[in-house]
Structures are given as structure tokens and as C-alpha cells.
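Sequence order for the protein chains is A and B. Here the first sequence stands for residues 3 to 102, numbered as in our numbering. Here the second sequence stands for residues 595 to 1067, numbered as in our numbering. Glycine is no exception: its CB is placed at the ideal position from the N, C-alpha and C atoms. Here's the structure we're looking at; comments come further down.
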Amino acid sequence: MISREEVINLAVLARLNLPVSEVDKLCHDLEAILGYVARLKVETTALVTVSQVRTLADNTLRVDNTPHETGVYTGCLLAMSPKQCDDYFVVKPIFSNDAT
Amino acid sequence: MTPLDLRSLTIASWREQLSSRTVRVSDLVRAYKKKIARCNSKLNAYLEVFDNALEAAEASDKLIMDGKEPRSLEGVPLAIKDNILIEGQICSAASKILASYKAAYSATVINRLRQAGAIMLGRTNMDEFAMGSSTENSAFSPTRHPTNSTRVPGGSSGGTATAVAADLCLAGLGSDTAGSVRQPASFCGLVGLKPTYGAVSRSGLIAMASSLDQIGPLTKTVADAEAIFSVIHGRDLLDATTIDYPKSGMILPKIKEIRLGVPEGLIDDGVSEVVRHNFTTTLDRWRDAGAKVIPIVLPRLADALAAYYIISPAEVSSNLARFDGMRYADRVAGATLREEYEKTRGKGFGQEVRRRIILGTYVLSSGYYDAYYRRAVATRDLLTADFATVFSQVDAVVTPTAPTTAFALGEKVTPLQMYLADIFTVPANIAGLPAISLPNGVDEVGLPCGFQLIAPPFREDLLFYLGKQHANF
């Protein structure tokens, strides 16, 4: 059973304001979805060996180089941000975050 | 100039007319714009029609008047799902949080289509961030089915599907994470292709679940899907999961040598009678043509959807963390930085997106990771291995595309009911395989059914070959 407190805590972790009216419904929905996905029964041995199977979706990292000229997108990216100053995004002080 | 019949027009027939210099691209674009102006308020397929489409059409006309050979997609007006970036145009993923976001660059697929002469006609409606199977989850109102306004067009690429089926464009692009190209293709009587994972670049596609997403075409014919795929596929340095597309070097089998695998027990439960009937009738036609229809065992096939609803929300919760009001979106003011994050995301994301972020956060939480995520990834790997074994016995796996025809707006009241609409399409995403949905008759009120073919990795050629045979039945 997923409690209201758990859902509220997950919302905090996800940095997501949830309407109070939605919390009970989410408890119910998550319960139903997790009940459905619980059908997955994978043997412990399989859990160990499958990590050695290479699939098409294995993570692949892009070569760490410069894909384009530095600064070429700066102007249009900043223009899309809610608040900017010179070549920077303007945000609230990060450390005040801990006070909440 | 030859009068344009939008209903019967295909990319192939357009190309013939263009080569004979009997049509103008600008006339075609004007014809679509006129029809969109007449129909879109009812259908809500397009979120925006681009002003510069006519300019691009006139450039194509000039090129042809100058005696240049038309390129492979010259003057083909396309509808583009609203999660594929086009430089300078709004790309909202049908979400309030990106309602005013303008793309700083174009997706690789857009650049490749433009180089082939295609014209971007507009951006189409979708389920918010591609989360849904009906296009009801759009922040900008649902899209309607092209022939029955009480029904959904499927989703999440429902805007593109309706635009193609209602002749509001010649073809279009969607994205497919669990069936979002194939299921709306099935509901709207179209061809929909989900390419092999790694065949088409995802650079410039707003990510939903990165290990599952692929861009694919929605078209009226198999040949049209092939024409678009031939332009958009191939290695891209901006998407490291793409590879040099292998030339198969394999001779396509004669129809009498074709072996189609039907997973045992797949259509026993939860499948409407008409879908089952049309599916088995089509199998009979394949048999009559000489193909072998072979029962196969894929014991974990039914687990694919459960694995999907762990892997996908986990990736959603990570991918959507970037939308916090600092860089892309409108920001909701708060007393602290955290409060601004929470308010912006709470207001900007719709209910289904919030649900999947919370679910993803849960399955990745300490203590639940092994129980859910690790188990789901193991299921994915085992299912992939199962498919590899099956493809040593058959050339392709066949299923219905969706368990029902287009359902009514508002019919699916719980998330799980909606999720089950993807039961047949999701295995191809989980295993990274190419799959195509083909029109397969209609139900008693004229709503289309779909027939799905799944092939081994990078065997899109086989899907196109079999798809063209299917169209002859």
C-alpha cells in the first residue's frame, strides 16, 4: 500500500508541486500500476547473467569533443530563458535552497 | 497544370507528376493550407501551420523551373510531431511548460528531409511529452479521429496521424516509444513504421524514454514510408546510439518461402472480436499465397508492457528533470530556488506527466531499485534474447497492432486501461526491433484495424517487402 506521505515525499524528491486533491488519486493509481508490474518474475540467476547481454539500447557516450563553434547558440538559448543578464541565466541563490 | 486530388495523392504519385512538370509545389502547399483552414478547428491535428512553408514551396518550384532534377522528396509537405525540433519554430511537446519555447536548432531528421526537398508544413498535436495512447493528454485539447469525431486518433502521434489520414499533408513524422507511431496508424488506417533502435537519429527529438524512443513516418502507403525512411536513417554523430546502417546483403525470400511467426496465446484475451477476425483472415490470405504461418513461443512477450512501465517512467523522471523554469520555460516565482522549481513544474506539467515522474522516482528509489528497475531491465534483455531465438525459426513475427479499433474520447478512465492499448506494440520497443503497422480492414462502423509485422534488427527492407505484399491482399 502506498501512503499519502510516500507520495508527498516522492513529489519532494521530484521537485514537483502536487495539488492536494491529486495525492489520493495518485496513491490509488500507483497501487494499481505497481500491482500490474509486479507480474515480472525474473529468477535471481537471470538478474546476474543478463547484465552481460549486450542490447541495442546499451548506453553509448558521444565522443567528448566540440560539436560546434563555442558561443554559436548562446544568444538564442539565452533568449528562451525566463531571466538572463549578460551571458548568464539568472536564478535565485542556490544555497538558500537548504533552508526550506 | 493538373488538378490536385489530395485523397489519392501519395509521395510516389506526386513524384511522377512533378517529374512530368504538370504540377507546382506551391499549388500543393496552398491546397493543404486551404484544407487545414477548413478542417483543423474540428480535428485539432495541427498546433501551428508554418508561415514559411509557401516560401519553401516556391523555392522548390524555382529549382524545377531552372531545370534541376527533383530530389527524392521534392515538394513533399510533411506534418511534424511537436516534439521534433525545427529551428526558429515553437516546439512545445504539447506541454504548457514549453508553450513558448523556440528551437535553437533543427533535429537531424529535419535537416535530412530538407536536403531531400521536403517541406515542413506545420507542427502537430500529441500527448504531452508523448505520454499517452489517445492524444487526449495534450495541454492544447485532444485531437479527433479523422472520420469519427467521437473517437480518438490514437497516440501519442495522433495529430500527425489525423493530419495524414484527413489529407491535411502528404505524410508525417511521429515518435514511437511504446507504439506511438504504429497504434495511431492502426486507428487511422495508415502505415506506421517504428525503425530499429539506432537506425534513425534522435538528435533534436525531445526525449521521453531515451532507450526506447525512435522517430518514424506515418504515411498512406508502404512505398511512402520507405521513401521517408531511406532519407532519415543512418549514422549521426549527434546521436551516439546510431550506427552505420548495415546493408543486409540478404536476398528477400519469395512469398512461398516466407515464415510468419504468431505468438501462441497472444490474442486470446482482451482483443476485440473484429480485430481477431481480421487478423486471422489476413493470416489465411498469407497461407493462400503460400507463406508458412507458424505458432511460436515468446513466453515473456506479455511481460514487455510491465517492463515498459518501469523503464519508461524511470527514464522520464530523469529526462524531464531539465524542465525546471531556469532555462527553457516560463518560470513561476517562488521564495526560494526550490520553490520555483516545484511551482514551475507543478503548474507546467499535466496530470499524466506528473504521474509518470512520481512513478519513475518511486521505482528508482533506494530499496526499490532491485525490485523494479533491475528486474525490468533483466526482462528486456531476456525478451531480446527470446526474439533472437525466434528469428532463427521465422522471418517475421505478426500480431494485431492494437487490441481494439479507435476507442471513444474519455473511454479509458484509469491509467492502466490506457496503458493496455500498447500491449502489442511495446515489445518491439523493449527489444529495439523494427516494426510496421499496416491497414487491415475495418470494423462494423468503418473504423480501421492494423496488422503488425516485427522483423530482426535493421531488416526494415523485409518489412517494406512484406508490407507491399500485404497491400495486395
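- Taking a contact as a CB-CB distance under 8 Å, the pair A:Lys-94 and B:Glu-934 counts as one, their CB atoms being some 6 Å apart.
- Listed in chain order, the beta strand (DSSP E) elements of length 3 or more contained wholly in the segment 831 to 882 of chain B are 853 to 857.
- DSSP places B:Thr-718 in the uninterrupted beta strand (DSSP E) bounded by 713 to 718.
- By the C-beta density criterion, B:His-827 is buried, having at least 16 other C-beta atoms within 10 angstroms.
- For B:Ser-613, the enclosing alpha helix (DSSP H) has its first and last residue at 605 to 613.
- When the alpha-carbon of B:Leu-707 is set against those of B:Ser-694, B:Ile-861, B:Leu-672, the nearest one is in B:Leu-672.
- The continuous stretches of alpha helix (DSSP H) do not include B:Val-775, and DSSP gives it neither H nor E.
- Judged by beta-carbon spacing, B:Ala-1022 lies within the 7 Å limit of B:Ala-1029, meaning their Cβ atoms are closer than that value.
- In chain order, Asn-638 place their CB closer than 7 Å to the CB of B:Ser-735, counting only its own chain and leaving out the 5 sequence neighbours on each side.
- Across the set A:Val-25, A:Tyr-90, A:Glu-7, the C-alpha of A:Tyr-90 shows the shortest separation from the C-alpha of A:Leu-79.
- Going by DSSP, B:Ile-658 is part of the alpha helix (DSSP H) stretching over 647 to 659.
- Taking the CA atoms as reference points, B:Arg-665 sits about 56 Å from B:Ala-929.
- Between the segment 613 to 623 of chain B and the segment 956 to 965 of chain B there are fewer than three C-beta pairs closer than 8 Å, too few to call the two in contact.
- In the three-state reduction of the DSSP assignment, B:Pro-671 falls in the strand class, which pools E and B.
- With a threshold of 7 Å between beta carbons, B:Lys-937 makes contact with chain A.
- With respect to chain B, the C-beta atom of A:Cys-78 has a partner C-beta closer than 7 Å.
- Around B:Glu-946, the same chain offers Asp-721, Glu-722, Met-725, Gly-726, Asn-731, Pro-1009 as residues with beta carbons nearer than 8 Å, after the five sequence neighbours per side are excluded.
- Here DSSP, grouped into helix, strand and coil, assigns A:Pro-21 to coil.
- Listed in chain order, the beta strand (DSSP E) runs fully inside the segment 678 to 757 of chain B are 713 to 718, counting runs of at least 3 residues.
- With a threshold of 7 Å between beta carbons, B:Arg-708 makes no contact with chain A.
- It is roughly 42 Å from the alpha-carbon of B:Ala-915 to the alpha-carbon of B:Tyr-1059.
- Contact annotation for A:Ile-96 against chain B: Leu-931 [CB-CB distance below 8 Å, chain order].
- Distance check between B:Thr-874 and each of B:Ile-861, B:Arg-796, B:Glu-681 places B:Ile-861 closest, using alpha-carbon atoms only.
- With respect to chain B, the C-beta atom of A:Asp-31 has a partner C-beta closer than 7 Å.
- Out of B:Gly-748, B:Thr-813, B:Asp-830, the CA that lies nearest to the CA of B:Ile-822 is found in B:Thr-813.
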